[in-house]
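Heads up, the sequence shown is in the UniProt record's numbering, so the first residue is 1 and it goes up one at a time. Virtual Cβ for every residue (Gly too), placed ideally from N, Cα, C.
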Amino acid sequence: MQAGSVLLMTHDDSLWQHWRQLDQAAWLPARGQTLQDLSRWREQGRSLVVIDAGMPRLPAWNDASWSDYMRDLKVVVASMRTSDEEGKQALAAGASGYIHAYSPAQSLNTILQSVVAGNVWLGSTLLARLLREIDQRMPRQGNWDAGLTNREKEVAQRAAIGHSNQAIADSLNISERTVRAHLSAVFEKLGVNDRLLLALKVHGIN
């Protein structure tokens, strides 16, 4: 597999050293320290970026300038003090992921691979919150479940509002392994690959 380039943006030397523990066979890390580096990265035909949310002089996440900074890029925002609210704002600004800055290198490898594949990466509590908000604000579409069995529909409905696999298993009196099997079938039949996309599909957004 050819190594992928990733721009790691931080002023923190300790964090830079931590991020450099990425699998060198999979990633070619470059360091950035200003938002202008994003434009240069894009001009080089590259797209994957990790931004330290603690960098000085970053615009607020609700600043309109982020739409231009993140244009055509896949940006993961890394925070020393993660919060659901900051994560929600970063995603709204165009980020493809929100993580703890000191996530283990092995986890960061997995996260970057997922984002490169087109997925959105966020923690379980933030995901559950977003799924609940989608369910509260959007009506469910009537034909989203075409082709699903009754049990697959039951599992999908619960997953789409943020229930964990174990919670789904408990509510349906089945094993967690069975829940995973049903979710795999649901994802394949509906053409989605994560719970956020499933929720959007249920509500007719995707």
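Rounded separation between Asn173 and Leu91 - CA only: 35 Å
Cut-off 6 Å between Cβ atoms - residues of its own chain near Val192, not counting five sequence neighbours on either side: Leu198, Lys201
Residues near Gly54 by beta carbon distance below 6 Å, same chain, minus five either side: Met80
Alpha-carbon spacing of Trp66 relative to Val6, whole angstroms: 19 Å
CB contact flag (Ala101, Met70, <9 Å): no
Selected residue, minimal CA-CA separation from Arg40, among Leu183, Leu22, Met9, Asp23: Met9
Backbone CA spacing between Glu85 and Leu131 [nearest angstrom]: 14 Å
Residues that Val75 bridges to, as DSSP identifies them: Val49
Closest by C-alpha distance to Ser47, when choosing among Ala25, Gln21, Val76: Val76
Per DSSP, cross-strand counterpart(s) of Ile99: Ala78
Short Cβ contact (9 Å threshold) for Val179 with Ile168: yes
Local conformation of Leu8 per DSSP, three classes: strand
Where Ala146 falls, given that 16 or more other Cβ within 10 Å makes a residue buried: exposed
Per DSSP, cross-strand counterpart(s) of Arg31: Leu8
Element boundaries [alpha helix (DSSP H), containing Gly87]: 84-92
Where the alpha helix (DSSP H) through Ser184 begins and ends: 176-190
Same chain, Cβ closer than 6 Å to Met1, five either side skipped, listed in chain order: Confidence at Met1 is low in this model, with a pLDDT of 44, below 50, so its placement is unreliable and the value that follows should be read with caution. So no residue of the chain qualifies.
Which residues DSSP lists as bridging Trp19, in chain order: None; Trp19 has no bridge partner.
Ser171 vs His163 beta-carbon contact at 9 Å: yes
Same chain, Cβ closer than 7 Å to Asn119, five either side skipped, listed in chain order: Asn193, Asp194
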